[in-house]
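A.B. asks: Sharing a structure below in structure tokens format, with a few things to ask.
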Amino acid sequence: MNIFNTFESSLHASIESLCKEDRLPAGLDLTRLTVEPPRDPDHGDLSTNAAMVLAKQAGRKPRELADLIAERLRGLEGVETVEIAGPGFINLRLSDRFWQSMLSEILKNGEAYGESRIGEGQSVNVEYVSANPTGPLTVGHARGAVVGDALASLLQKTGHKVTREYYVNDAGGQVDTLARSVYLRYREALGEEIGTIPEGMYPGAYLCEVGQALAERDGRKWMDCEESEWLAPVRSFAVERLMDLIREDLKAVGIEHDVIRSEKELVEAGAVQSVIERLKEKDLLYTGVLEPPKGKKPEDWEARPQTLFRATDFGDDVDRPILKSDGSWTYFANDMAYHLDKANRGHTTLIDVLGADHGGYVKRMKAAVKALTDDTTALHIILCQLVKLTRDGEEIKMSKRSGNFITLREVVDEVGKDVLRFIMLTRKNDAPLDFDLAQVMEESKDNPVFYVQYAHARIRSVLRHAEKELPSVGQGLSQLSDAPLHRLTDSAELAVIKRLASWPRLVEASAQAYEPHRIAFFLNDLASDFHGLWTKGKDNEELRFLLPADPELTQARLALLQAVALVIASGLNIFGVRPVEEMR
RNA sequence: GACCCCGUAGCUCAGCUGGAUAGAGCAAGUGCCUUCUAAGCACUAGGUCGCAGGUUCAAAUCCUGCCGGGGUCACCA
């Protein structure tokens, strides 16, 4: 269905037949050949660099080689002209009939159009959000959440087996702090005066109800206990409560994970021990003293011997400690265990979606995965840059310490999940993103969500009109795919079909690059194509979609519109955004 | 000091893993509403792709070195 791949196969076959006939030397390396759309449509529909890439190997001049290959390509079905241009590009132009039948194929495939099998046999684990269970999700988490979720969908669309995963950091010091903060609120709930929340505790009011709930469940049970007694039970209660809260927040943006993995359970199951054993066996642990970090010197720095992992053997800059001074594992040690756990569950590719502030973490984790899985499991880390939240251009400052942060929920309540999701995907993950609460609700071209949704809604509107006014024109997908599509001859109409034809290729490229944002740009372009068609019909009556005097042409155009709507919907679905029927 | 990311039109950004004359949207200028939603469309203008080298048929894209902006940097997660 990806026509570029189809023609690439034909190209390979053509070259191989030339080899068999001794008109080209045998054993040519074809891996660097490409078939792609030329940037300039004047150059044709497809272009290949074959002649230039093979020139050296074949010992022939590119133009000469191009002539030879071009001759073969001329015989291919759907090819109208073959031209040689520039330094040796071979440009193909496909017939109108080819494109018309392409449209028919698209409609036959329906929702499935754009699916690919490039991921077949691969099991991918996408870990995203993984926020500490110490508070509600903020807008800061939103980007990684949406990017991870869309990426997971994208990979599913390309045939990967995907697991969406959330890693709960419920084993470290932060959840102890959480427990202490909740304990305070618990005492408060039981009528005690607690004064101001001490420094270092979580001050957020959202913990009041957690304390309240604890009081309701356990009564005064923990009031006169030592911390050593209440810490663990309060902690697990609090973590459970907060995970419920977080899950609800995620649900509000349409996110549900397949697996929620607890760090604590992993540790208690001895996963860290076995990682350490494994590293010992491979002789990748030793006791050493680290250099103090340059630039920023921690005040309480002390040079002391530590148990270190030989990360430098696997591309990291320094070896990394796995034991803290109190004898417990470092976060990194736990995380090694966690990543090995993921690999052991049979995933061939691991993806971590993290905030850009974790950039310093990438090398060591990659080193760890490489060491632990003998390089059999790939780890990709996607770093999401900050989101700058503004309203009418004015920045909304946030700071976690003061408790003055905007929650994910607040933003969803204000703009809706669809808008939030789409906007979060309009930038490359490693580029900062501006999110203007006012602008994203604007009903204009500046607002990409609106622009794309409007195109979809307009199409639905036309189809509804057609149903009412021209009920004899069949609109079922199978009817449309059998419509007299040869009537679509206007260059703008054909251009739209060509755009639609490039959709599978775009999906594959986005998936391979782990870049869902490309879909947003594609949808914007497709919407623009459509709005152009629409206005052309305003200027020239013959180009209108609904022509009562010509039901055949009307049906052909409805087929085109339906296909556009289908692809827009399909792209939005990857984003987890609902296509709208009308704008209201 | 080390490492990672970014640098493309006045502004915000794309650029299909190396292809032909580098593209959109804002902003600026000019047109288009008796019509299926003008909430839109068409056209004009705008560039030493941070700088300098290198790799090759071909570099915004890959390599090296600078310049500028951001992030991170034992024992936090």
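Numbered per numbering that gives the first Met the number 0, the first sequence finishes at 583, counting up by one with no gaps. We put the beta carbon where it would ideally sit given N, CA and C, even for glycine. From a predicted model like this one, the values you see are computed outputs, not experimental measurements.
Compute the beta-carbon to beta-carbon distance between R71 and S16, rounded to the nearest angstrom, for a pair I have assumed lies under 8 Å.
C.D. replies: The pair is a contact, with the Cβ atoms about 7 Å apart (cut-off 8 Å).
A.B. asks: If you scan the region 219 to 293 from start to end, which runs of the alpha helix (DSSP H) of 4 or more residues do you find wholly inside it?
C.D. replies: List check, alpha helix (DSSP H) in window: 226 to 251, 262 to 267, 270 to 280.
A.B. asks: Taking the beta carbon of R156 as the centre, do at least 16 other beta carbons fall within 10 Å, making it buried, or is it exposed?
C.D. replies: Contrary to the premise, residue 156 reads as Lys rather than Arg in this sequence. It counts as buried.
A.B. asks: Which residue spans inside the region 490 to 547 form an unbroken alpha helix (DSSP H) run of at least 4?
C.D. replies: For the region 490 to 547, whole alpha helix (DSSP H) runs of length 4 or above, ordered along the chain, are 490 to 500, 502 to 512, 516 to 538.
A.B. asks: According to DSSP, is E191 helix, strand or coil?
C.D. replies: In this structure, E191 counts as coil in the three-state DSSP scheme.
A.B. asks: Measure the CB-CB distance between V386 and V138 and report whether it falls below 9 Å.
C.D. replies: Taking 9 Å as the Cβ cut-off, V386 and V138 qualify as a contacting pair.
A.B. asks: Can you list, in chain order, the residues of its chain with a C-beta nearer than 7 Å to that of S152? Leave out the 5 residues immediately preceding and following it.
C.D. replies: Taken in chain order, the residues that qualify are I573, G575.
A.B. asks: Below 8 Å CB to CB, which residues in the same chain sit around P550 once its five sequence neighbours on both sides are set aside?
C.D. replies: Answer for P550: L469, S471, V472, listed in chain order.
A.B. asks: Please classify E159: does DSSP put it in a helix, a strand, or coil?
C.D. replies: The amino acid occupying residue 159 in the given sequence is His; Glu does not appear at that position. Of the three classes helix, strand and coil, the one that applies to H159 here is coil, per DSSP.
A.B. asks: Rounding to the nearest angstrom, what Cα-Cα distance links T488 and I422 in this structure?
C.D. replies: Using only the alpha carbons, I get a separation of about 36 Å.
A.B. asks: Since A454 contacts L499 with CB under 8 Å, what's their CB separation in whole angstroms?
C.D. replies: Going by Cβ atoms, the distance from A454 to L499 rounds to 13 Å, so no, they are not a contact pair.
A.B. asks: Applying the 10 Å Cβ sphere with the 16-neighbour rule, what's the burial state of V288?
C.D. replies: V288 comes out exposed.
A.B. asks: Under 7 Å Cβ to Cβ from R179, same chain only, skipping five residues before and after it: list those, please.
C.D. replies: Same-chain partners within the cutoff: M200.
A.B. asks: Kindly identify the DSSP beta-bridge partner or partners of D351.
C.D. replies: Beta-bridge pairing links D351 to E126, I380.
A.B. asks: So what does DSSP say about Q121, is it helix, strand or coil?
C.D. replies: Here Q121 sits in coil by DSSP.
A.B. asks: For A54, which residues from the same chain have a beta carbon less than 8 Å from its beta carbon, with the 5 sequence-adjacent residues on both sides left out?
C.D. replies: Once the five neighbours on either side are set aside, the close Cβ partners of A54 are K60, P61, L64, G87.
A.B. asks: Out of L552, Q452, K293, I380, which one is the CA nearest neighbour of D524?
C.D. replies: When only C-alpha atoms are compared, the closest one is Q452.
A.B. asks: Which residue wins for smallest C-alpha separation from R92, given the options P36, E580, G536, L339?
C.D. replies: Out of P36, E580, G536, L339, P36 has the C-alpha closest to the C-alpha of R92.
A.B. asks: List the endpoints of the continuous beta strand (DSSP E) containing I89.
C.D. replies: Counting along the chain, the beta strand (DSSP E) containing I89 begins and ends at 88 to 93.
A.B. asks: If contact is defined by three or more beta carbon pairs under 8 Å, each pair taking one atom from either stretch, is the region 222 to 236 in contact with the region 110 to 117?
C.D. replies: The region 110 to 117 vs the region 222 to 236: no contact.
A.B. asks: Among residues of its own chain, excluding the 5 on either side of Y337, which ones have a beta-carbon nearer than 8 Å to its beta-carbon?
C.D. replies: Same-chain partners within the cutoff: Y166, R260, E262, L265, A270.
A.B. asks: According to DSSP, is P604 helix, strand or coil?
C.D. replies: The chain is shown from 0 up to 583; residue 604 falls before or after that span and cannot be answered.
A.B. asks: Please return the same chain residues whose Cβ sits closer than 7 Å to the Cβ of L189, not counting the five positions on each side in sequence.
C.D. replies: Answer for L189: A214, R219, M222, listed in chain order.
A.B. asks: Suppose contacts are defined by Cβ-Cβ distances below 9 Å. Is W502 in contact with G570 by that definition?
C.D. replies: Cβ distance < 9 Å, so W502 and G570 count as in contact.
A.B. asks: Between which two residues does the beta strand (DSSP E) containing R390 stretch?
C.D. replies: Where R390 is concerned, the enclosing beta strand (DSSP E) stretches over 386 to 390.
A.B. asks: Three Cβ pairs or more, each shorter than 8 Å: is that satisfied between the region 94 to 110 and the region 552 to 562?
C.D. replies: Result yes; three or more Cβ-Cβ pairs closer than 8 Å.
A.B. asks: Out of G203, E187, E164, L154, state which residue places its alpha-carbon closest to the alpha-carbon of T176.
C.D. replies: Comparing Cα-Cα distances from T176 to each of G203, E187, E164, L154, the minimum goes to G203.
A.B. asks: Tell me the rounded alpha-carbon separation between Q56 and G26.
C.D. replies: Those two C-alpha atoms are separated by around 9 Å.
A.B. asks: If you reduce the DSSP assignment to three classes, tell me which class A12 lands in.
C.D. replies: Reduced to three states, the DSSP call for A12 is helix.
A.B. asks: Quick check on this structure: which residue in S122, D21, V128 has the alpha carbon closest to the alpha carbon of I381?
C.D. replies: Selected option, being the one with the closest Cα: V128.
A.B. asks: Expressed to the nearest angstrom, what Euclidean distance is found between the alpha-carbon atoms of S46 and E492?
C.D. replies: Those two C-alpha atoms are separated by around 21 Å.
A.B. asks: Based on the DSSP output, what are the partners of Q305 in its beta bridges?
C.D. replies: DSSP lists G287 as partners of Q305.
A.B. asks: Report the residue from Y360, L353, L349 whose alpha carbon sits nearest the alpha carbon of T372.
C.D. replies: Among Y360, L353, L349, the Cα nearest to that of T372 belongs to L349.
A.B. asks: Mark T30 as exposed unless 16 or more other C-beta atoms lie within 10 angstroms of its C-beta, in which case mark it buried.
C.D. replies: With fewer than 16 Cβ atoms within 10 Å of its Cβ, T30 is classed as exposed.
A.B. asks: Just grab the DSSP bridge partners of I83 for me.
C.D. replies: DSSP lists I89 as partners of I83.
A.B. asks: When the Cα atoms are used, what is the spatial distance from A12 to D412?
C.D. replies: Each residue's Cα considered, the two are about 56 Å apart.
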